[in-house]
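The next block holds one structure in the form of structure tokens; read it before the comments.
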Amino acid sequence: MTEPTFDRRSLILSASVLLATPALVRAQAPARLRVGVTAGPHAQILEAVKPVAARRGLDLQVTEFSDYILPNAALAAGDLDVNSYQHKPFLDQQNADRKYGLVGVGFTVNFPIGVYSKKHKAFAELPAGAQISIPNDPTNGGRALLLFQDKGLIALKDGVGYRPTVADIVRNEKRFRFIELEAAQTARSLDDVAAAVINTNYALSAGLNPGRDALLREDPKGPYVNLIAVREADRDKPWVKPFVESYQSAEVKAFVEQTFQGSVLASW
């Protein structure tokens, strides 16, 4: 029986192709992801995520929004691939109200909500009957009222969960008057009210320092850790894991700690 013969040139060519394959893969265009965020810290953090994601083959195209409603509407409509700006109680409420079918795929940061004032140096200085603005959406408005209850300033009906309303207040000894405004407007209301409950991203955008300026501040533990959301149909797409890993990287955590000095907390 004769031994099989091999074409040396063919072997060299085949080896060259195999060796070149990783380089060819690396040269492929990165997957482009349209990411929605709210202006302020979420947008700043995504800028830090971009170079980390690029090393994982993702090209992040970030769109900033000025409210809490449009990023989910855009994601559900297919105008975005992913968004990063909300906590689970808010996402759950949006899904229930609007039938979006969005899911969380990874935790990001926490923004402890706070009470601010231009007229008073301490919360105890607020007079009886003082007007206090709070967000008007069910989850953040409820979050504000839970903060006041946790501080012993009001009492709410039993069993209200994470979305109490002003109608659920059963004790209000100082007769505070809660003015419900769009979350983005609460910081702008500080000239007109005794105090305002302001989400951290809007407080920072207004030049407030949560660690120094908040009269009261939420305990950072609890259900209000923000998350990365995608459409249910996309949760197992190949870009989801590298995007989450990029966000939850050591580089991004260091950026959050150095940039926000405790105003925003990395929660992974």
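Under our numbering, the first residue of the sequence shown is numbered 1375, with each subsequent residue one higher.
Note that the Cβ used here is the ideal one computed from N, Cα and C, for glycine as well.
Note that the coordinates shown come from a computational prediction; the quantities given were computed from them, not determined experimentally.
Open item on the list: If the criterion is Cβ atoms closer than 8 Å, does the pair Arg1609 and Val1479 meet it?
Closed with: Annotated as proximal: Arg1609 and Val1479, with beta-carbon spacing under 8 Å.
Task: Proximity winner among Ala1607, Ala1570, Glu1606 and Ala1413, relative to Leu1589 (alpha-carbon distances) - done: Comparing alpha-carbon positions, the option among Ala1607, Ala1570, Glu1606 and Ala1413 lying closest to Leu1589 turns out to be Ala1570.
TODO: Take the Cβ of Pro1425 as the centre, count every other Cβ of all protein chains shown within 10 Å, and call the residue buried at 16 or more, exposed below.
DONE: Residue burial annotation: Pro1425 is exposed, with fewer than 16 other C-beta atoms found within 10 angstroms of its C-beta.
Open item on the list: Counting C-beta neighbours from all protein chains within 10 Å, is the total for Gly1636 16 or more, i.e. buried, or is it exposed?
Closed with: Burial call: exposed.
Open item on the list: Within a Cβ cutoff of 6 Å, which residues of the same chain sit near Tyr1459, ignoring the five residues on either side of it in sequence?
Closed with: Cβ within range, chain order: Val1411, Thr1412, His1416 and Pro1445.
Open item on the list: Residues in the same chain with beta-carbon distance under 8 Å from Gln1435, minus the five sequence neighbours each way, listed in chain order, please.
Closed with: Residues of the same chain with a CB within less than 8 Å of the CB of Gln1435, apart from the 5 flanking positions on each side, are Arg1406, Leu1407, Arg1408 and Val1409 in chain order.
Task: Proximal residues to Val1599 (C-beta, below 7 Å), its chain only, five neighbours per side dropped - done: Contacts found: His1461, Phe1481, Asn1484 and Ser1641.
Open item on the list: According to DSSP, simplified to helix, strand and coil, what is Asn1600?
Closed with: Correct three-state label for Asn1600: strand.
Open item on the list: Assuming Asn1484 is part of the alpha helix (DSSP H), what are its boundary residues?
Closed with: Not the alpha helix (DSSP H): Asn1484 falls in the beta strand (DSSP E), residues Leu1476 to Asn1484.
TODO: Check the DSSP bridge columns for Val1456 and list the partner residues they point to.
DONE: Val1456 pairs with Val1409.
Open item on the list: Under DSSP, the beta strand (DSSP E) around Ser1356 begins and ends at which residues?
Closed with: Nothing can be reported for residue 1356: it is not among the residues displayed for the chain, which extend from 1375 to 1642.
Task: Spatial distance of Ala1374 from Gly1503 (CA atoms) - done: The structure shown has nothing for residue 1374, since the chain only spans 1375 to 1642.
TODO: Output the boundary residues of the alpha helix (DSSP H) element that contains Gly1515.
DONE: Where Gly1515 is concerned, the enclosing alpha helix (DSSP H) stretches over Pro1512 to Asp1524.
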